[in-house]
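Chemist: Can you read through this structure? Questions will come right after.
Number of protein chains: 4
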Amino acid sequence: MSANTFGNTFCLTTFGESHGKAIGGVIDGCPAGLHLDYEFIREQLERRRPGQSEITSSRDEKDEVEFLSGIFEDVTTGAPIAFMIKNTDTRSDDYKHLKDVFRPSQADFTWDSKYGFRDWRGGGRASARETLARVVGGAIAQLLLRKSGIKICAFVSQAGWVTLDRPYTEVDLSAVYSNKVRCPDEPTAQKMLTHLLDIRAKGDTTGGVITCVVQGVPVGLGEPVFDKLQADLAKAMLSINAAKGFEYGEGFMSASMMGSEHNDRFTAGAGGAIVTATNHSGGIQGGISTGSDIFFRVAFKPVATLMKGQQTADRNGNDVWLEGKGRHDVCVVPRAVPVVEAMTALVIADHWLRNRSSKI
Amino acid sequence: MSANTFGNTFCLTTFGESHGKAIGGVIDGCPAGLHLDYEFIREQLERRRPGQSEITSSRDEKDEVEFLSGIFEDVTTGAPIAFMIKNTDTRSDDYKHLKDVFRPSQADFTWDSKYGFRDWRGGGRASARETLARVVGGAIAQLLLRKSGIKICAFVSQAGWVTLDRPYTEVDLSAVYSNKVRCPDEPTAQKMLTHLLDIRAKGDTTGGVITCVVQGVPVGLGEPVFDKLQADLAKAMLSINAAKGFEYGEGFMSASMMGSEHNDRFTAGAGGAIVTATNHSGGIQGGISTGSDIFFRVAFKPVATLMKGQQTADRNGNDVWLEGKGRHDVCVVPRAVPVVEAMTALVIADHWLRNRSSKI
Amino acid sequence: MSANTFGNTFCLTTFGESHGKAIGGVIDGCPAGLHLDYEFIREQLERRRPGQSEITSSRDEKDEVEFLSGIFEDVTTGAPIAFMIKNTDTRSDDYKHLKDVFRPSQADFTWDSKYGFRDWRGGGRASARETLARVVGGAIAQLLLRKSGIKICAFVSQAGWVTLDRPYTEVDLSAVYSNKVRCPDEPTAQKMLTHLLDIRAKGDTTGGVITCVVQGVPVGLGEPVFDKLQADLAKAMLSINAAKGFEYGEGFMSASMMGSEHNDRFTAGAGGAIVTATNHSGGIQGGISTGSDIFFRVAFKPVATLMKGQQTADRNGNDVWLEGKGRHDVCVVPRAVPVVEAMTALVIADHWLRNRSSKI
Amino acid sequence: MSANTFGNTFCLTTFGESHGKAIGGVIDGCPAGLHLDYEFIREQLERRRPGQSEITSSRDEKDEVEFLSGIFEDVTTGAPIAFMIKNTDTRSDDYKHLKDVFRPSQADFTWDSKYGFRDWRGGGRASARETLARVVGGAIAQLLLRKSGIKICAFVSQAGWVTLDRPYTEVDLSAVYSNKVRCPDEPTAQKMLTHLLDIRAKGDTTGGVITCVVQGVPVGLGEPVFDKLQADLAKAMLSINAAKGFEYGEGFMSASMMGSEHNDRFTAGAGGAIVTATNHSGGIQGGISTGSDIFFRVAFKPVATLMKGQQTADRNGNDVWLEGKGRHDVCVVPRAVPVVEAMTALVIADHWLRNRSSKI
C-alpha cells in the first residue's frame, strides 16, 4: 500500500528529497546469505552520477552510499538493509525564486495542489535524485540475480531525433558504457552526442528511448493475472521520472502485424528443452517468462528545465517569465540507463522469489 | 501480494477459468452508499461479449452477472461485493487435442512450466474470458467516479494497418459504440472493418491500438514515487491479455521532441484556477493528475489463434501441425475497449480513495 | 490492504452475509499440485455446523461447499480457488423488528455508524456465519500442511465456569470430537454440558476458552519484527467473532514467573538436533518457531443474543425492550473449535510459504 | 508483505540492529500538514531509554533521533519520513563468547536456524532496541491523533507477583511517569519496586502486565472482518519483544461471565448520542470502535537474560554453562510502556485514515 515501496517479496522503500539531509532506502525481503559486492554497487551509482560530461548536469556529488543495517561481515542477514547517501552539493538558494512559481511540466503544481504546499528546494521529493536509492536497491537485486545467471543490460537506443537502427542482438552490449551517451554502437553514439550538443547550444532539451534486455531468465517468472511480468515491468518503468511509454517485444509495431507473422512457434532446442523459434513475444507469454531474452523499450520526454526562458504562472495565476538557468541535463536518457536496469532488477528479483511458491 | 487482486483501497480480486463453472470476482473497499445501476453494468458486459459481429468470436454466452454479497436494497454496504458469471457455452472437447501441445504465443507453455501442468480447457485461467470480471469491477468503479463527474472513454484508434489520424479532441467520443470496430470516426471505422474482413478471409489475424481518455479528474490523484498515476495505469493496461505497449501524453513521440515544444506552461484558467495552456503531458505531471484530460494509448498484438494451420511443438518437443480452427476474434481491440475502460476505472477509483489521506 | 483478505502469500478473501445469497471466499496463493480431499473439507464444515445438539443454534443448513475455480481434476492449479456455500435456511422476517434497534454487544450500532446504515438481516456481514468461508480456506491450508507433517488440533478447555485443569500434553487430542462440547476429557466435558444446559435453562449464555496445539512445525517459521508468528496468530484469533483474548506458551501466567523458572534451556535432542528441554515459550522464540509444539489459548465472551429479555435503545435513543428469541448457541466455543483450527492453518501455511524466501 | 513494515495507510518500516550503525525507520502515509512537536517525540524516547534507574539496564545512550526526510519547515510534506538513532554505547566484545551459544529463550537459536547464521552482537536485529524506531513512529502517530482529541495512556498494572487491583477508571492516569515502575498508583508502585529489587538481588528476573487505555476514539474505526480493531491491536502488541498475551475489555474473564452480565446495553447519552451504559466490551463491538474508551492488557514474560548462571547448549549440541552478566533490565514492563503506547498509536492512526474511505 505504501506508495514509496516497490515490490512484494523483495521490497524497496525509498526516502529523501533533493536538498534534504539524505536520499536513502530500505530493502526488505532480501534473502540471507548474499555476499555484497560493494564495488559493483559503487559502479552502478557512478553511472547515474551527474557532472560526468558536457551533456549532463554539473551538480557534483560523490554519492557515497552508507549502509546502516542488515549486513553482517559483508553478508545479508535477512534483516532490512537500510542505506543513505548524504546530499552535499545543495544550493537551495538557487530555488528560492521558484517558491511560488509553477515550472512548466514539472511536479511543482500537482504536488503543491495535492499536499497543500511543497518543499521547493531542488524539486524536493519529486527530484530525479530519488532514483539514487533505486540504483542501490537495484544493484543488490542484480547481485542476487547474477548468482542465478540472470543479467540485465540497458542502453540508449534513441536520443532526440537520432535512433539506433539495429536490434539489440546486433550490437555489442558490453560497449554501453564506453561512451557518454550510453549507446553501444559507436557511430550512432557520436551522432547522438553531436545532436545533443547542438540542442544544448540552443538552450533547449530533448528526450530519448532506452532499450533493456534481460538474459538468462528461467521459464516461469510472472504471476497471472494482474501481476504479469510485463505489467510489473511497465509499472516499474513508468514510475521513473520523465518516462512516457513502455513496450515489450514488438510493442506498438505488433499492432499492425499479422498473427502468422508475429506468432512464435515452439520447437525442441538444445538438450531437448522447449524453446520458441523466434522471439516476437519479447520473452514473455501469458504474463510468464518463456526462457528467451526479455526485451523492452522505455520512452522519456525532454528535460523540462530549459536553459532558455519560458512563460508560466505563479500560484496566484499571474504570468511569470522564467529565466533559463541551472545545471541540468540536456537529455535524461544517458543517466537513466542504470535506473532502468535497477528497476528491472527489482521486478525480476521480486518475481524470482515469488516463484518459489508456485508449486507444492 | 495476491496476484489476482488489483488495487490498494478499491480492490478487485478475480477468479475463474474459461471452461470452469464461472468467472467472477470480489470487490473489496467500495465505500458504502453507492447505488448500483445494474443496467449500466449489463451494458458494459454486453460491449465485450463475443458473438456480436463477423469479426468476433462466435462463442455465444449471455454473460449474466449474479451478485452474491455486499449489496442491500441495491446500495453497497461497505462489505465485499462478490459476483459471478456462469460459463455456459463451453465445448471442452474442442480443446482435448491441445492437451499436450503448446500453441504459438499462447500461455500454454509458460503456465505448464510454471505450475507443472495446466487446465487446457479453453485456455483455462489464461483465457481472455477472465476480463469479464474486470468489466464488472470496472463498471462499479465507474459508477463511483461518475458521482464525482469523472468520465472514461476508450476507442479503437488503430486496427491492423488502418489508423485513425486525428487526435481524440477532434472526434465525437459518444459515437464509439455506433459501429462494430469501436472507432468513433465512421469513415475510418469502415476502412478498419474492410481490412479486418480481408485478414479474416486469409485465415489470419492482426492487432491494434486503443486510445483512452479520462475527463473530469481533479488535480491531485496519484501517489509519488512508485505509485505514480501513469505507473498504475501502465500496470493496469499491460495486465490485459495481448497488450504489448502503453504510452501517455505524447508517449514515444516525446522522445524526439524539444523541451521548448513539449513543455506545458501554466496560466490562469476559468475562475482563476491554474491550468496548463497545452496538454502534452497527458494530464499527469510528477505522477499526479493536473486536472486536464488524461489520455493514453495501449497496443495489442495480433490474436494468436489462427484460422489457418501453424507449426509448433508438443511437450515432448515433437513437431506438431496445428490445424486452424475455432471461433476466435480476428482482432482483439474492438472487444478490449470496455476492458481498457474497466481497468482505467479501477486505477482512478483507487487513487481517488487513496487521495483522501493526502492531507490532515 | 483489503480488509476482507487474510494472509500475505497464502491469502483468503471472504465474502457474504448471513441472509444474502451465499457465503464464500477466494484462496489466492495456494501452490499448484495439491490434491484436494473433499471429504476432509466437508468434515471441517460439519464440525462448525449449527443444529447438532441442544447447546447450539437450531438453524439447519447443509452447508455444502461448491468450488467455482482453481481446481483441475481435483488438483489445485495455482489459480485462485473460489468457493461458495449457499444460504438456504434464512428467515429474514425474524429480524425485521431489529431494523432500527441496536442489540447489546452486537455489531449493529458500530456498523450502522460506520457505514451509514446496515444490512440488518441475520446480522448481515457481522454474522458468525462468515466463518464458514474461513473453515473452507483453513481446511485447504491444513491439507497443504499435512503433506509436511504439520497437524493442528484445537479443543474447548473452558466453558463458562468449568475448566479443564490438565495441560494439553495429558489429554487425548484425538478425542476432541467425541462429545458435543469438544472437550477431549470426558468427565470435564460432562460437567461443561451440564453447566451449559443449566445456563440455557435460565435463558442466559456464557463464554469459554479454546486451546490450540500445532505439532510438527519446523524450526524457522515466522518473520521478524512485525510479522512474528505469535503476532499473526494473535491477529488471526482476535479476528474471530466474540474472541476477547489470546495468550501463547505460559501467557498471562508468565507475567509472575521468574526468568530462571520460565527460560527454556537448549540441549541436544534425538539425532543431535538442538531442542529446548522445556517449552514454556509455547514453541516460538524471537517470533520464530522453535520446532517444539506451538500452543495458545483464545478467550471468547458470552453469546450476546439472549433467550431472555434485555433493555437497549433504538437509533433515535429511545429505550427498547428486546424480547429474547431466536435459535442461538448458549456458548460459542464448541462450534468455534474448527474456526480456531482454520485460522491457525491459514497463519502457518502463509508463513510456511513465506519462509521459502529466507535464504538465497 | 514486507515483514518489517506495520500498517496499511499509515505505515512504519523499521531497520537496524543493536550494535549496527543505527536503529531507524521510515514512516510512509503520514498526511501532509502535521506540525511536528520534536519535544514530544524526545520525551517518548526518553521514557524507554535504559540507564534511568536501578531496575533497568545500564546501557547508556542519548538516543537522539535525527530526521532525514519528509519534513519541511517542521511540517510533514506527505513524503516518507525517515529517521535514525545512532548506536553509540555498543560493546560487541561482551557478546563474542555467545557467538556459538544459544541463550535460553532468546532469539539466537531460531534466527540462526532460519537464516543460516546470525548477527550475534547484542542480539542483532532481535534486540529490544529495535523498539526505539517504533517509539518515534508512534509518537508521530500520536501527534496526528491528538489533533482529533484521541489520547493514549499505558501503565504497569502488574510486575512479577504484585498487581494493581483497581480498574483504570480509578487511578490517576497522569501519574504514570511519576515513578520508576510506571504504575500510577503510588503504594502499588512502591510494592512493585521492592519486589523487583528483591528479584534483582537474587540475580533473577520477572515479567509483568501493561494496561493501555485509548480515550476520545470516534465511533467507526476498525475494518471487518479480518482487520477488526482488536485484531490489529493484538498483532501490534504480540509483535513487541517478550509479549505473551493480549486481552481487551473483560478479556479472559469474559469466558466465565453470563451474557446478561457482560452485555452492554445502549442508551441515549449526552447530546442524544447513542452510548453503551457499561463498557465490558472494551470500546469495540463487531470489530469497530463504539466511541467508549478502548482498553486492553498485554502480558510480558520474564527477561530472558539472567544475572545468574544458566545451563544451555551451543550450536553443536554441547552443554554450555552461561555465566550471568551484562547490564539488563530485571523486568521489561517499565520500559515497555511507551512501546505499547507507540504500537497502539500506529494502529489507531492507521484505522483513523482507513476510515476515510468507509462512505462515498
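Protein sequence lines, in the order shown, are assigned to chains H, Y, S and E. Just so we're aligned: the first sequence equals residues 229 to 588 in the working numbering. Just so we're aligned: the second sequence equals residues 229 to 588 in the working numbering. Just so we're aligned: the third sequence equals residues 229 to 588 in the working numbering. Just so we're aligned: the fourth sequence equals residues 229 to 588 in the working numbering. A virtual CB, placed ideally from N, CA and C, is assigned to each residue, including glycine.
Starting from the C-beta of Glu478/S, find all residues in its chain whose C-beta is less than 6 Å away, skip the five residues before and the five after it, and write them out in chain order.
Modeler: So the list reads His508, once near-sequence residues are dropped.
Chemist: Once DSSP output is grouped into helix, strand and coil, what is the label at Lys324/Y?
Modeler: In this structure, Lys324/Y counts as helix in the three-state DSSP scheme.
Chemist: Using a cut-off of 8 Å between C-beta atoms, extract the partners of Ser385/E located in chain Y.
Modeler: Chain Y residues near Ser385/E: none, gap ~33 Å exceeds 8 Å.
Chemist: Identify which residue in Cys411/E, Lys324/E, Ser467/E has its Cα closest to the Cα of Ser402/E.
Modeler: For Ser402/E, the nearest C-alpha among the options comes from Cys411/E.
Chemist: Going by Cα to Cα distance, which pick from Gly244/S, Asn583/S, Asn544/S, Val526/S is closest to Pro566/S?
Modeler: Nearest C-alpha to Pro566/S: Val526/S.
Chemist: Please report the straight-line C-alpha distance between His247/H and Asn315/H, rounded to a whole angstrom.
Modeler: His247/H and Asn315/H: Cα-Cα distance of roughly 6 Å.
Chemist: Check whether the Cβ of Lys472/E lies closer than 9 Å to any Cβ atom in chain Y.
Modeler: So no, Lys472/E is outside the interface.
Chemist: Where DSSP assigns a beta bridge to Val303/S, which residues make up the other side?
Modeler: Val303/S pairs with His263/S, Phe300/S.
Chemist: How about the region 497-506 of chain H and the region 535-551 of chain H: do they share at least three Cβ pairs that are nearer than 8 Å?
Modeler: Short answer: they don't touch.
Chemist: Can you name the residues of chain S whose CB is closer than 8 Å to the CB of Met485/E?
Modeler: Per Cβ cutoff of 8 Å: Thr434, Gly435, Lys529, Pro530.
Chemist: For Phe268/H, is the classification buried or exposed, using 16 other Cβ atoms within 10 angstroms of its Cβ as the cut-off for buried?
Modeler: Counting Cβ neighbours within 10 Å, Phe268/H comes out exposed, since fewer than 16 surround it.
Chemist: Which residues mark the beginning and the end of the beta strand (DSSP E) in which Val453/H is found?
Modeler: Note, Val453/H: premise wrong, no beta strand (DSSP E); not H, not E.
Chemist: Hey, quick one: how far does the beta strand (DSSP E) through Ile255/S stretch, first residue to last?
Modeler: Per DSSP, Ile255/S belongs to the beta strand (DSSP E) from 250-256.
Chemist: If we call anything under 9 Å between Cβ atoms a contact, is Tyr323/E one with Gly473/S?
Modeler: Their beta carbons are not under 9 Å apart, which means Tyr323/E does not touch Gly473/S by this criterion.
Chemist: Is the region 301-315 of chain S touching the region 248-267 of chain S, taking contact as three or more C-beta pairs under 8 Å?
Modeler: The answer is yes - the region 248-267 of chain S touches the region 301-315 of chain S, with three or more Cβ pairs under 8 Å.
Chemist: Does Gly377/S pass the burial test, meaning 16 or more other C-beta atoms within 10 Å, or should it be called exposed?
Modeler: Gly377/S should be labelled exposed.
Chemist: Is there a Cβ of chain Y sitting closer than 9 Å to that of Lys342/H, yes or no?
Modeler: Output row for Lys342/H: interface = yes.
Chemist: If you run the structure through DSSP and keep just helix, strand and coil, what is Ser488/H?
Modeler: In the structure shown, Ser488/H sits in a helix (DSSP, three-state: H, G or I).
Chemist: Sort Asn236/Y, Phe523/Y, Leu550/Y, Ile251/Y by Cα distance to Gly352/Y and report the nearest one.
Modeler: Comparing Cα positions, the closest option is Ile251/Y.
Chemist: If you compare alpha carbons, which of Ile438/E, Phe345/E, Glu414/E, Gly431/E is closest to Ala382/E?
Modeler: Among Ile438/E, Phe345/E, Glu414/E, Gly431/E, the Cα nearest to that of Ala382/E is on Ile438/E.
Chemist: What would DSSP say about Gly473/E, mapped onto helix, strand or coil?
Modeler: Three-state result, Gly473/E: strand.
Chemist: How close, in whole Å, do the beta carbons of Val445/H and Ile576/H come, if the pair is a contact with beta carbons under 8 Å?
Modeler: Correct: roughly 7 Å between the Cβ atoms.
Chemist: Look at the alpha carbon of Val560/H and the alpha carbon of Gly350/H, and state the distance between them as a whole number of angstroms.
Modeler: Going by the C-alpha atoms only, they are around 17 Å apart.
Chemist: When Cβ atoms are compared, which residues of the region 285-302 of chain Y fall closer than 9 Å to chain C?
Modeler: Chain labels in this structure do not include chain C; the protein chains are H, Y, S and E.
Chemist: Please classify Arg319/S: is it buried, with 16 or more other beta-carbons within 10 angstroms of its beta-carbon, or exposed?
Modeler: Its Cβ having fewer than 16 others within 10 Å, Arg319/S is exposed.
Chemist: Considering only C-alpha positions, which residue in the set Gly435/H, Phe494/H, Ala307/H is nearest to Gly344/E?
Modeler: Ranking the options by Cα distance to Gly344/E, first place goes to Ala307/H.
Chemist: Give me the chain S residues within the contact set of Asp347/Y, using Cβ-Cβ distance strictly less than 8 Å, ordered along the chain.
Modeler: By Cβ distance, chain S contributes Phe300, Thr305, Ala307.
Chemist: Going by Cα to Cα distance, which pick from Gln370/Y, Gly235/Y, Cys239/Y, Ala564/Y is closest to Val195/Y?
Modeler: Past the edges of chain Y, shown from 229 to 588, lies residue 195/Y, and the structure says nothing about it.
Chemist: If the cut is a Cβ gap below 7 Å, which residues of chain S does Arg245/Y touch?
Modeler: According to the sequence displayed, residue 245/Y carries Glu and not Arg. Here the neighbours are Ser297, Ala307.
Chemist: Tell me whether Met571/Y sits in a helix, a strand or coil according to DSSP, three-state version.
Modeler: Helix at Met571/Y.
Chemist: Taking three-plus beta-carbon pairs below 8 Å as touching, is the region 353-371 of chain S in contact with the region 236-243 of chain S?
Modeler: The region 353-371 of chain S vs the region 236-243 of chain S: in contact.
Chemist: DSSP has Cys239/H in a bridge; who is on the other side?
Modeler: Per DSSP, Asp256/H.
Chemist: Smallest Cα separation from Leu264/Y: which of Ile309/Y, Asp291/Y, Arg277/Y, Glu245/Y?
Modeler: Nearest of Ile309/Y, Asp291/Y, Arg277/Y, Glu245/Y to Leu264/Y, Cα basis: Ile309/Y.
Chemist: Would you report the Cα separation of Ile502/S and Arg493/S, rounded to the nearest angstrom?
Modeler: If I take the Cα positions, the gap works out to 10 Å.
Chemist: Could you give the distance in angstroms between the alpha-carbon of Tyr266/E and the alpha-carbon of Glu569/E?
Modeler: Between Tyr266/E and Glu569/E, the C-alpha separation is close to 17 Å.
Chemist: Could you tell me whether the Cβ of Ala260/Y comes closer than 9 Å to any Cβ of chain E?
Modeler: Interface residue, yes.
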